[in-house]
Amino acid sequence: MHVRYVRQAGCPSDVAVTTVDFEPWEEGLHLEAATDATVRGDVLPGDLERFHAALAEGVRAELAEQLPGVPLALALVVHHTTVHLIDTREHSYRMAGRLAAREALAALAAPNSRGGQEPSGRT
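If you're matching positions, the sequence shown starts at 1 in UniProt numbering and goes up one per residue.
Here you go:
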């Protein structure tokens, strides 16, 4: 799933663009980078790890709000990360994580989607 959180309402702005997958996993939320993961933009040492941790934190927070009391058992696999040297912050990726969780839940709930409701067969 491709997520963009871009907000330019003053300084600082927010830029977080990422592509992630959600996969079944052991108990908890496991964060990993895909073997073919790509990064676009200038990344300072330690930034990528902090941004990915914030992404996972946003996913965890959104799922806790949307599914209270439901234990997590999933892997968040990061395939692509875009970083802007000035406007990408941990907050940006935390919000992108929330958006990714919302989109994943919406995809699960949508009729005819993988894992969603089956068609009734009526015409």
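Here a beta-carbon is modelled for each residue, glycine too, at the ideal position from N, C-alpha and C. Computed from a prediction, not measured in an experiment: that's the story for all the values here.
Rounded C-alpha distance that separates L76 from G10: Distance from the CA atom of L76 to the CA atom of G10, rounded to whole angstroms, is 31 Å.
Which listed residue (G46, E26, V20, V6) has its alpha carbon closest to that of T35: Minimum Cα distance to T35 is reached at V20.
Reference V15, options L105, G46, V59, H91, closest by Cα: Out of L105, G46, V59, H91, H91 has the C-alpha closest to the C-alpha of V15.
Residues near A54 by beta carbon distance below 6 Å, same chain, minus five either side: Within the same chain, A54 has close Cβ partners E90, Y93, R94.
For R98 and A64, believed in contact at Cβ under 8 Å, the rounded distance: With a Cβ gap of about 11 Å, A64 and R98 do not count as contacting.
Buried versus exposed, by CB contacts within 10 Å (16 or more), H2: Its Cβ having fewer than 16 others within 10 Å, H2 is exposed.
Start and end residues, beta strand (DSSP E) containing D87: According to the DSSP assignment, D87 belongs to no beta strand (DSSP E), since it is labelled neither H nor E.
Residue from P71, A107, T82, E23 with nearest C-alpha to F51: The closest CA to that of F51, considering only P71, A107, T82, E23, is found on T82.
Residues that P24 bridges to, as DSSP identifies them: According to DSSP, which records beta bridges pairwise, P24 is partnered with L74.
Under the three-state DSSP convention, the category P12 falls into: In the structure shown, P12 sits in coil (DSSP, three-state: anything other than H, G, I, E or B).
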